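Here's the structure we're looking at; comments come further down.
In our numbering, the protein residues as written are 5 to 194.
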């Protein structure tokens, strides 16, 4: 008797070997203007730690660091380089062209501000052919209306709106994975 094969995993689900995480503009002079910044930082830390555990490449961008300061220390520990940009879209500073069939084509975006740098980066990445996921509880704007409007606009344009926990458990995929306990601790510790 043959063993039944497992069902194919949906291409809508994240996979750590097909993903990249981009944390945008979590900087000294920008974060104080963001409501619920502690929640935002906590969610971005969860994403960064999960990316490290599951070996998902991570980039942390900085918008005009000369004027807006460096990445806050709570986040700076997760990266060695911080691509700087003056354009609101981070696509150029990340240096990614259109993804090939074997490339990491799933881009998970988090950071600030939802209606400026996150949105423009999402649109540019989608134009290049990437699948873009916006982590709704790990992005923020100074004003809630801007945040909500940008989320709706990006979703209408083809981005997937998701949450931090959804990203973590999609990357992990199964409780039998060796990294599951570490991922589970990130979630239960919040």
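No residue lacks a Cβ here, since even glycine has one placed at the ideal position from N, Cα and C. This structure is a prediction, so every number in the text was calculated from the model and none was measured.
DSSP state of residue 178 mapped onto helix, strand, coil: coil
Cβ of residue 66 within 9 Å of any chain B Cβ: Included in the structure is just one protein chain, with no chain B present.
Cβ shell of residue 100 (< 6 Å), same chain only, five flanking positions each side left out: none
Candidates 119, 142, 20, 111, of which the one nearest residue 151 by Cα: 119
Buried or exposed by the 16-neighbour rule on C-beta atoms within 10 Å, applied to residue 21: exposed
Completely contained beta strand (DSSP E) runs for the segment 100–143, where each covers 3 or more residues: 110–116
3-residue-minimum beta strand (DSSP E) runs that sit fully inside the segment 19–88, ordered along the chain: 23–28, 62–67
Rounded separation between residue 184 and residue 51 - CA only: 14 Å
Under the three-state DSSP convention, the category residue 166 falls into: strand
Cβ contact (3+ pairs, closer than 8 Å) linking the segment 151–162 and the segment 172–187: no
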